[in-house]
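J.: Note that the numbering used here has the sequence shown beginning at 6, numbered continuously upward.
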Amino acid sequence: QWRETARWFRFEEEMEEEDTECWGRPQVSCLSFHSLLQLQKAISHGAALLDLKQRTLPGIAQQVVEQLVLSDQIKAEDRDKLLRVLLLRHSHPSDEKDKSFFSRNISAAAMVSVMDRLNNQSELCCQKENGNSRPETQLMERISARAEATLVLVGSVGFLDQPSMAFVRLQEAVLLDSVLEVPVPVKFLFLLLGPPSANIDYHQTGRSISMLMSDKHFHETAYHTEDRQDLLTAINSFLECSIVLPPSEISGEMLIHSSEMMMRRENENFKLENIKSQLFDDPLKRSGRFFGGLIKDVTRRYPQYRSDIRDALNPQCMAAIIFIFFAALSPAITFGGLLGEKTEGLIGVSELIVATSVYGIVFSLLGAQPLLIIGFSGPLLVFEEAFYNFCRDNGIEYLTGRVWIGFWLVLIVVLTVAFEGSILVRFVSRFTQEIFSFLISLIFIYETFAKLVKIFKEHPLRGCQPENTTELSSLGNSTVAAEKVVGEPNTALLSLVLMAGTYFIAFYLRMFKNSSFFPGRLRRVIGDFGVPIAILIMVLVDYSVEDTYTQKLNVPSGLSVSTPEKRGWFISPLGSDGQFPVWMMGASILPAILVFILVFMESQITALIVSKKERMLVKGTGFHMDLLIIVVTGGISALFGLPWLSAATVRSVTHTNALTVMSKAVTPGDKPCIQEVKEQRVTGFVVAVLVGLSITIGEVLRQIPLAVLFGIFLYMGVMSLNGIQLTERLILLLMPPKYHPDLNYVRKVRTLRMHLFTLVQLLCLSLLWVVMATAAAAAFPFMLLLTIPLRKLLLPRIFSCRELQSVSPTLIFITTSLKDVFRISSLTEPSSFVVMKIAVKQIKYFLYADI
6 QWRETARWFR FEEEMEEEDT ECWGRPQVSC LSFHSLLQLQ KAISHGAALL
56 DLKQRTLPGI AQQVVEQLVL SDQIKAEDRD KLLRVLLLRH SHPSDEKDKS
106 FFSRNISAAA MVSVMDRLNN QSELCCQKEN GNSRPETQLM ERISARAEAT
156 LVLVGSVGFL DQPSMAFVRL QEAVLLDSVL EVPVPVKFLF LLLGPPSANI
206 DYHQTGRSIS MLMSDKHFHE TAYHTEDRQD LLTAINSFLE CSIVLPPSEI
256 SGEMLIHSSE MMMRRENENF KLENIKSQLF DDPLKRSGRF FGGLIKDVTR
306 RYPQYRSDIR DALNPQCMAA IIFIFFAALS PAITFGGLLG EKTEGLIGVS
356 ELIVATSVYG IVFSLLGAQP LLIIGFSGPL LVFEEAFYNF CRDNGIEYLT
406 GRVWIGFWLV LIVVLTVAFE GSILVRFVSR FTQEIFSFLI SLIFIYETFA
456 KLVKIFKEHP LRGCQPENTT ELSSLGNSTV AAEKVVGEPN TALLSLVLMA
506 GTYFIAFYLR MFKNSSFFPG RLRRVIGDFG VPIAILIMVL VDYSVEDTYT
556 QKLNVPSGLS VSTPEKRGWF ISPLGSDGQF PVWMMGASIL PAILVFILVF
606 MESQITALIV SKKERMLVKG TGFHMDLLII VVTGGISALF GLPWLSAATV
656 RSVTHTNALT VMSKAVTPGD KPCIQEVKEQ RVTGFVVAVL VGLSITIGEV
706 LRQIPLAVLF GIFLYMGVMS LNGIQLTERL ILLLMPPKYH PDLNYVRKVR
756 TLRMHLFTLV QLLCLSLLWV VMATAAAAAF PFMLLLTIPL RKLLLPRIFS
806 CRELQSVSPT LIFITTSLKD VFRISSLTEP SSFVVMKIAV KQIKYFLYAD
856 I
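#1: Quick check: what's the CA-CA separation for Ile417 versus Trp649?
#2: For Glu82, does the three-state DSSP call read helix, strand or coil?
#3: By DSSP, does Thr568 sit in helix, in strand, or in coil?
#4: In three-state DSSP terms, what is Met170?
#5: Is Pro814 near Arg435, with beta carbons less than 8 Å apart?
#6: According to DSSP, Leu194 sits in a beta bridge with which residue or residues?
#7: If we count the other Cβ atoms within 10 Å of its Cβ and call it buried at 16 or more, is Asp83 buried or exposed?
#8: Beta carbon of Val687, beta carbon of Ala333: below 8 Å?
#9: What is the residue span of the beta strand (DSSP E) that Leu553 lies within?
#10: Taking Arg526 as the reference, give the member of Phe164, Lys624, Ile542, Val666 with the closest Cα.
#11: CA-CA distance, Trp13 and Leu54?
#12: To the nearest angstrom, how far is it from the Cα of Ala423 to the Cα of Leu772?
#13: Starting from Asn647, trace the beta strand (DSSP E) both ways and give me its first and last residue.
#14: Beta strand (DSSP E) containing Met721: first to last residue?
#15: Kindly give me the distance between the Cβ atoms of Lys456 and Phe715, rounded to whole angstroms, as I take these residues to be in contact under 8 Å.
#16: Provide the residue span of the beta strand (DSSP E) that contains Thr665, from first to last.
#17: Start and end of the alpha helix (DSSP H) containing Gln67?
#18: Output yes or no for whether 8 Å exceeds the beta carbon distance between Gln59 and Gln72.
#19: Consult DSSP for Val694 and reduce its assignment to one of helix, strand or coil.
#20: Hey, is Leu236 close to the ligand NAP, as in C-beta under 7 Å from one of its heavy atoms?
#21: Could you check whether the segment 406–414 touches the segment 593–608, counting it as contact only if at least three pairs of C-beta atoms, one from each stretch, sit closer than 8 Å?
#22: Could you give the DSSP three-state label for Leu498: helix, strand or coil?
#23: Is the segment 686–700 touching the segment 717–725, taking contact as three or more C-beta pairs under 8 Å?
#24: Quick check: the Cα distance between Arg89 and Leu514, rounded to an integer number of angstroms?
#25: Is it true that the CB of Pro168 sits closer than 8 Å to the CB of Leu196?
#26: What would DSSP say about Glu17, mapped onto helix, strand or coil?
#27: Where does Leu237 sit, in a helix, a strand or coil, going by DSSP?
#28: Between the Cα of Val354 and those of Pro336, Tyr364, Ile366, spot the shortest distance and give me the residue it belongs to.
#29: Taking 8 Å as the threshold, find out whether the segment 725–744 comes into contact with the segment 529–536 through three or more Cβ pairs.
#30: Near Leu873, what residues of its chain come up, given a Cβ to Cβ distance below 6 Å and the 5 sequence neighbours on each side ignored?
#31: Do you know offhand how far Ala781's Cα is from Leu595's?
#32: I need the straight-line Cα distance from Tyr310 to Gly342, nearest angstrom please.
#33: Once the 5 residues before and after Leu735 are set aside, which same chain residues still bring their CB inside 7 Å of it?
#34: Pull the bridge partners of Trp7 from the DSSP assignment, please.
#35: If you reduce the DSSP assignment to three classes, tell me which class Gln374 lands in.
#36: In terms of alpha-carbon separation, which member of Ile635, Ser215, Ile352, Ile450 lies closest to Val363?
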């Protein structure tokens, strides 16, 4: 019988001692150089059956044996004996019967070594029989649904006179009953049998082909090869990137040459990735006609509308709704209170809650990138304060001035979209994106601790004061006595515990999702509901500590403006007395430009961050459509005295992270990677509706301590820092170079130059922070814009093109022209066959679209 001895997903797992019959730890395969030469010789003299039209093991074996006879590798009288050997039973470690020598590789290849106890045969393979055992179930959870296997059969038999080899690629991958350890279709088969006396190690040769088939470059060649010469060329390429270690002690520095070979291969891969990206449309490519970009956004995104609803039928989306609801409501209440203070109650919590709900509903229904969360931000608060002070000092009605700003905003955005102004965002490099996203995350973290410090000042640890002060605050159309308690014992400490507890529970439950405890499904459910679980636990902790005061969430009661004695829900464009200055109607274009720049930068940079290729979004985005919806909604909302909103960076990134699905099919020894993002409209819509309805469930929300929401703020800020290269380089700034990871920008940029670039970004970040904290806050949009020419004009004088492209690459969108595809193929001859395949797929795509 054939016995399984090793298997490959991405790394090799060898069978341990026979008395244990368990798999060893995943490891990188170590091959002997002689075995690779033996494999190369075997392929050059063996048989190659490409695109074989057989669907059963007996049919495949019959064709292989006939080909071996025709190529004079075996005698005609040995045909039946060899056929019986190929059809021997396959056994696996999960079987309760006798075991065999077998190995599997799932990504596109596997090795099976078959060793009969009598004939010393060995086989290598990558599938499994249709059993329902627990090991098989666990194994299948780690295998992609699109996986195909390679079966490698190697061993020695006494009736053959010389080694015989056959490489088989089936036209269609087929399930072979009781051959593999798991029910995965077999695409490739490698056979190597010969006499025991031959000067060849069958097992090591089998491991060599299995290792090669687990290498993505080699197995891509195996998929597309037209003859055996391509396989031999791929083996030579593999050898060029390998290094032979002498049988003596060797230091790690001697492996540098191998790293250089891998870098050469990565450069070739980068070219191929750019070519493959041509299959997707460029959302920032100018069409050359009025509203051309808007039309492209509509035709690209709206056909996905049905799937935007269907994809939301997932428990992970329910968890995201609960999480993002608090993430959206908390800033609305917090910024609403601040806005009420800055505008003397003209715009407050009620208006901001209504605006967040209305914006969210409209955008989730019509937006081209529904993963964006629309909300208020610090820069917009700075502008509102500056404009209110200007109007107060000049005797101009603040709300009426906002109405005319809204009119100008609509005109500006229509002209911008008509002339496809959103394509300017292509000039926003990673340099600007990282500074902006880091700044917003830093604001969330800073505000968390600033509010905690305020609690410690109001409730100091050195003692308690028995008397309380009571202040009257206006909520809605009724005046409610809201006690502002100070000097309470243990309040500050309990608030610290609630904030830290919420953060750490949410953080570690997210890490628990990828741990080794409990079954995978239970881990994923707990991880997806980590933030709601953290909120619930900390609310219960606060409820159980009855004798300690904590400040609770303050939600307005009823739908009413913040100051009904000063304003209503509709704002007249002519002012309350019909005497609004005519000159101000025209002059409002200046603050309108400021608001537009601010909304444009925040929304478009957020869209870039959410849509970056690492997230593997597949439904596309729409920069023109999203900008039009956000600004037009803002222009209309000014008539009702509602604040302007934009795409909120931290909330949008958090929303996307909450909807990200990590791969379940994780190969042993590998890390989970992003499988997909649930791109749908339902979560944003439901969150917006719940924010609007929060006024009706105020009694429930008022039981939530503010400190718990501080923990959510901290969690959002910290989680948003993940994946930002600036964060990684700040850590490297504190780390000796010998401990730096093997990253692309670390290899290609000298350490001091990399640190210099990081310091430049920190300087820009500090300047933006200073601008936001001073009277010059209204200039924040312009200061942010200045980082673009800084990256384009000044930094190239300090850093080389190679250094900049490594640490801050510009946005590159490859056109979808087939002419460019074939032009690029001539520049990358070693992989030209891959390019031609891509071009053919693209032609099929366009023919399908034309039909």
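We put the CB at the ideal spot given by N, CA and C, even for glycine. Predicted model only: the values in this text are computed from it and were never measured.
T.: This is what the structure gives:
#1: As a position in the sequence shown, residue 417 is number 412, starting the count at 1. As a position in the sequence shown, residue 649 is number 644, starting the count at 1. Between Ile417 and Trp649, the C-alpha separation is close to 15 Å.
#2: By one-based count along the sequence shown, residue 82 stands at place 77. Reduced to three states, the DSSP call for Glu82 is helix.
#3: Numbered from 1 along the sequence shown, position 563 holds the residue referred to as residue 568. Residue state, collapsed to three classes: coil.
#4: Taking the first residue of the sequence shown as 1, we reach residue 170 at position 165. In this structure, Met170 counts as strand in the three-state DSSP scheme.
#5: As a first step, residue 814 must be located in the sequence shown, where it is residue number 809. As a first step, residue 435 must be located in the sequence shown, where it is residue number 430. Result yes, Cβ atoms of Pro814 and Arg435 sit closer than 8 Å.
#6: Working through the sequence shown from its first residue, we reach residue 194 at position 189. Its beta-bridge partners are Leu156, Val173.
#7: Locating residue 83 in the sequence shown gives position 78, where the first residue counts as 1. Answer is buried; the Cβ neighbour count reaches 16.
#8: What you label residue 687 is simply residue 682 of the sequence shown in a count that begins at 1. What you label residue 333 is simply residue 328 of the sequence shown in a count that begins at 1. Cβ distance not < 8 Å, so Val687 and Ala333 don't count as in contact.
#9: Taking the sequence shown and counting its residues from 1, the one referred to as residue 553 is at position 548. Here residue 553 is Thr; the residue named in the question, Leu, does not match the sequence. Here Thr553 belongs to no beta strand (DSSP E), and DSSP marks it neither H nor E.
#10: Looking up residue 526 in the sequence shown gives position 521. Of the candidates Phe164, Lys624, Ile542, Val666, the one whose C-alpha sits nearest the C-alpha of Arg526 is Val666.
#11: If you number the sequence shown from 1, residue 13 lands on position 8. If you number the sequence shown from 1, residue 54 lands on position 49. Trp13 and Leu54: Cα-Cα distance of roughly 23 Å.
#12: For this step, residue 423 is matched to residue 418 along the sequence shown. For this step, residue 772 is matched to residue 767 along the sequence shown. When rounded, the distance between both Cα atoms is 34 Å.
#13: Here residue 647 refers to the residue found at position 642 when the sequence shown is read from its first residue. It should be pointed out that residue 647 corresponds to Leu in this sequence rather than to Asn. Element bounds for Leu647: n/a, residue is neither H nor E.
#14: Numbered from its first residue, the sequence shown carries residue 721 at position 716. Careful: Met721 lies outside any beta strand (DSSP E), inside the alpha helix (DSSP H) at 711–726.
#15: The count along the sequence shown starts at 1 and reaches residue 456 at position 451. The count along the sequence shown starts at 1 and reaches residue 715 at position 710. With a Cβ gap of about 6 Å, Lys456 and Phe715 count as contacting.
#16: To locate residue 665, count along the sequence shown from 1; it is residue 660. Where Thr665 is concerned, the enclosing beta strand (DSSP E) stretches over 665–667.
#17: As a working mapping, residue 67 is identified with position 62 in the sequence shown. It spans 62–75 - the alpha helix (DSSP H) in which Gln67 sits, taken as one unbroken run.
#18: The count along the sequence shown starts at 1 and reaches residue 59 at position 54. The count along the sequence shown starts at 1 and reaches residue 72 at position 67. For Gln59 and Gln72, no; Cβs fall outside 8 Å.
#19: Along the sequence shown, one-based indexing puts residue 694 at 689. Here Val694 sits in helix by DSSP.
#20: No copy of the ligand NAP appears in this structure; indeed no ligand is present at all.
#21: yes
#22: The count along the sequence shown starts at 1 and reaches residue 498 at position 493. Helix at Leu498.
#23: no
#24: Within the sequence shown, numbered from 1, the residue matching residue 89 stands at position 84. Within the sequence shown, numbered from 1, the residue matching residue 514 stands at position 509. Near 55 Å, if we compare the C-alpha coordinates of Leu514 and Arg89.
#25: Mapped onto the sequence shown, residue 196 falls at position 191. Mapped onto the sequence shown, residue 168 falls at position 163. Not closer than 8 Å, so no.
#26: The count along the sequence shown starts at 1 and reaches residue 17 at position 12. Strand at Glu17.
#27: For this step, residue 237 is matched to residue 232 along the sequence shown. Here Leu237 sits in helix by DSSP.
#28: Along the sequence shown, read from residue 1 onward, the residue named residue 354 stands at position 349. Ranking Pro336, Tyr364, Ile366 by Cα distance to Val354 puts Pro336 first.
#29: Output reads no: the segment 529–536 does not touch the segment 725–744.
#30: In the structure displayed, the chain extends from 6 to 856; residue 873 sits before or after that span and is not available.
#31: Residue 781 sits at position 776 when you count from the first residue of the sequence shown. Residue 595 sits at position 590 when you count from the first residue of the sequence shown. Cα to Cα, the separation comes out at about 16 Å.
#32: For the purposes of this step, residue 310 is identified with residue 305 of the sequence shown, where counting begins at 1. For the purposes of this step, residue 342 is identified with residue 337 of the sequence shown, where counting begins at 1. Spanning the two alpha carbons is a distance of roughly 37 Å.
#33: Within the sequence shown, numbered from 1, the residue matching residue 735 stands at position 730. Excluding positions up to five away in sequence, the list reads Thr763.
#34: Within the sequence shown, numbered from 1, the residue matching residue 7 stands at position 2. According to DSSP, which records beta bridges pairwise, Trp7 is partnered with His95.
#35: By one-based count along the sequence shown, residue 374 stands at place 369. Coil at Gln374, not helix or strand.
#36: Taking the first residue of the sequence shown as position 1, residue 363 is located at position 358. When each option's Cα is compared against that of Val363, the closest is Ile635.
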